[in-house]
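Structure first, then comments.
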Amino acid sequence: MRANCFVDKQTLRVEHVPDPQILNPRDAIVRITSTAICGSDLHLYNGLVPAVRRGDILGHEFMGEVVEVGRAVKNLAVGDRVVVPFPIACGSCWSCQQRLFSLCENSNPNASIAEALWGRSPAGIFGYSHMLGGYAGGQAEYARVPFADVGPIKVPDSLEDEQALFLSDIFPTGWMAAENCDIHPGDTVAVWGCGPVGQFAIKSARLLGAERVIAIDRFPERLRMAREDGWADTIEYEETNVHDALTEMTGGRGPDACVDAVGMEAHTPGVVGAYDRVKQVAMVQTDRPHVLREALLACRNGGTVSVPGVYGGFADKMPLGAMVNKSVTIRTGQTHVQRYMRPLLQRIEDGDIDPRFVVTHRVSLDEAPQAYEMFLHKRDECIKVVLAP
Ligand SMILES: [Zn+2]
Ligand SMILES: [Zn+2]
30 MRANCFVDKQ TLRVEHVPDP QILNPRDAIV RITSTAICGS DLHLYNGLVP
80 AVRRGDILGH EFMGEVVEVG RAVKNLAVGD RVVVPFPIAC GSCWSCQQRL
130 FSLCENSNPN ASIAEALWGR SPAGIFGYSH MLGGYAGGQA EYARVPFADV
180 GPIKVPDSLE DEQALFLSDI FPTGWMAAEN CDIHPGDTVA VWGCGPVGQF
230 AIKSARLLGA ERVIAIDRFP ERLRMAREDG WADTIEYEET NVHDALTEMT
280 GGRGPDACVD AVGMEAHTPG VVGAYDRVKQ VAMVQTDRPH VLREALLACR
330 NGGTVSVPGV YGGFADKMPL GAMVNKSVTI RTGQTHVQRY MRPLLQRIED
380 GDIDPRFVVT HRVSLDEAPQ AYEMFLHKRD ECIKVVLAP
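Read in order, the letters of the sequence shown are residues 30 to 418 in the working numbering.
See the structure below:
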């Protein structure tokens, strides 16, 4: 099959690789019909994630048709159309029983690497380095889906691929970011970063009852999408002092909740000398931890800061004093996608939201390397790329 493979920093290549095989009774093989490039894939692309090897297949947002099932998979059949969640979860460990699916204790065979850095390991993730399991990703013609009896859900024929595809990650991720804001009627939510996750956080905050959403970015096309699709007020951070603007827009009190949908490029540093390396990386990415600092300072007293953005290592100069003295609650985590897929599919079917609004580019899998380049540099007003194998 063809697959989008990592070669080196900012170098990808669509290569011919062996087709995936059923390895365990709970596996399924999916023939991929649509897959997407995620903002977090850019951390891999930029070479900032350790334990990514030449030939690794990228991609964790994908859907398609089941073409083979292991003998223990009873809920799926060949021919079913499914969308697959990005965290791999067994469904039966302690974390899965608490519905903390992105913390599954059985899906990362390389847990020791993650434990050395984070103390404990989260779940394995498709196409996201050997530190998170080394699973082949979904930017390919086929993928092996472990624990296929737990993760994938069937997609009704009435929906197009692009309406269901983002249940794999960015819609649940934006939703969980908004849910973590503990929104009450009348609340104002500020969202830093109007990339795909930020866009879904904006819409989700609305659906969860926020009275006002304020979106912060610098790209005009993203701010336009936030205004037109998300009915958000917007702040262009290069020409406006964000803290002052938020203070003014909220009668001096600050937003009730702040979402950091930017994350930090200093993602998952190496294990040996991790701290030094992250500092080194952070120095060339100074704007990234800046968002979390700004959110902690701008948030109203007693408010919430929700962090869906990817942070991998350590950050200096966090305003802990602001956090403590203002009684700020911080909520974060990789998305427990399996928890949200069915209710959000229902929202899509009910017409509460049509996820297609975020798609700006559709290209073939063969053009994936060029699409990463375009997405990285936000060329051609690129916000979200869907690839069709
Ligand atoms: Zn993603
Ligand atoms: Zn589990």
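Using N, Cα and C, we set each Cβ at its ideal position, and we do this for glycine too.
Please report the straight-line C-alpha distance between residue i and residue j, rounded to a whole angstrom.
i	j	result
alanine 193	leucine 161	25 Å
valine 179	alanine 101	11 Å
valine 313	leucine 405	Confidence is the limiting factor: at valine 313 the pLDDT is only 49, short of 50, which leaves the residue's position unreliable and the question unanswerable from this model.
glycine 93	alanine 274	44 Å
arginine 42	phenylalanine 35	7 Å
glycine 350	serine 356	10 Å
isoleucine 245	phenylalanine 155	30 Å
asparagine 33	serine 197	18 Å
proline 398	glycine 68	14 Å
isoleucine 86	valine 353	43 Å
valine 414	proline 318	26 Å
alanine 234	phenylalanine 195	17 Å
phenylalanine 248	aspartate 186	36 Å
threonine 297	leucine 77	Because threonine 297 carries a pLDDT of 32, less than 50, the predicted location of this residue cannot be relied on, and the following value inherits that uncertainty. Those two C-alpha atoms are separated by around 7 Å.
phenylalanine 386	tryptophan 123	37 Å
glycine 224	isoleucine 412	6 Å
arginine 55	valine 98	8 Å
arginine 128	methionine 370	12 Å
alanine 290	alanine 207	11 Å
glutamate 396	valine 95	24 Å
threonine 361	valine 288	10 Å
histidine 159	asparagine 139	7 Å
phenylalanine 91	methionine 403	20 Å
alanine 286	glycine 332	6 Å
histidine 45	alanine 169	10 Å
asparagine 137	glutamate 268	44 Å
glutamate 191	valine 81	28 Å
glycine 238	isoleucine 377	17 Å
glutamate 240	proline 214	6 Å
glycine 338	serine 63	24 Å
threonine 263	valine 242	8 Å
Does residue i pass the burial test, meaning 16 or more other C-beta atoms within 10 Å, or should it be called exposed?
i	result
histidine 365	buried
arginine 173	buried
tryptophan 147	exposed
glycine 84	exposed
aspartate 345	exposed
lysine 232	buried
glutamine 363	buried
glutamine 50	exposed
histidine 89	buried
asparagine 270	exposed
asparagine 330	exposed
valine 107	exposed
tryptophan 221	buried
arginine 149	exposed
leucine 52	exposed
tryptophan 260	exposed
aspartate 316	Note that aspartate 316 has pLDDT 40, beneath the 50 cutoff, so the model's placement of it is unreliable and the number below is only indicative. Exposed, because fewer than 16 other Cβ atoms sit within 10 Å of the Cβ of aspartate 316.
glutamate 189	exposed
aspartate 381	exposed
asparagine 104	exposed
arginine 251	buried
serine 131	buried
What does residue i pair with, by DSSP beta-bridge criteria?
i	result
phenylalanine 155	Tyr164
isoleucine 182	Val112
glycine 35	What sits at residue 35 in the sequence shown is phenylalanine, not glycine. In the DSSP output, where bridge partners are listed per residue, phenylalanine 35 has Leu41.
serine 335	Val288, Arg360
serine 187	BP columns for serine 187 are empty, so no partner.
histidine 390	Val414
valine 174	Ala57
alanine 169	Ala32
Using CA atoms only, rank isn't needed, just tell me which of the options is closest to residue i.
i	options	result
glutamate 253	Gly227, Ser233, Glu189	Before going further, note that residue 253 is arginine rather than glutamate in the sequence given. That would be Gly227, whose Cα lies nearest to the Cα of arginine 253.
glutamate 277	Gly292, Asp85, Ala327, Ser233	Ala327
isoleucine 61	Arg55, Asp48, Leu52	Asp48
glycine 280	Thr333, Asp216, Trp221	Asp216
leucine 394	Ile66, Gln39, Asp37	Ile66
threonine 358	Gly380, Ser335, Asp379, Gly342	Ser335
lysine 38	Leu52, Asp379, Gln168, His72	His72
tyrosine 171	Pro214, Val218, Cys119, Val111	Val111
proline 348	Arg368, Val339, Glu323	Glu323
alanine 177	Ser63, Leu321, Gln367	Gln367
valine 392	Lys407, Leu416, Tyr401, Asp383	Leu416
proline 151	Pro284, Val388, Cys125, Ala165	Cys125
Note to self: At 3 residues or longer, what runs of the beta strand (DSSP E) sit wholly inside the segment 193-267?
What the structure shows: 217-221, 241-246, 262-265
Notebook entry, point to check: Considering only residues of the segment 55-139, which uninterrupted alpha helix (DSSP H) runs meet the minimum length of 4 residues and lie entirely inside it, listed in chain order?
Noted result: 70-74, 123-126
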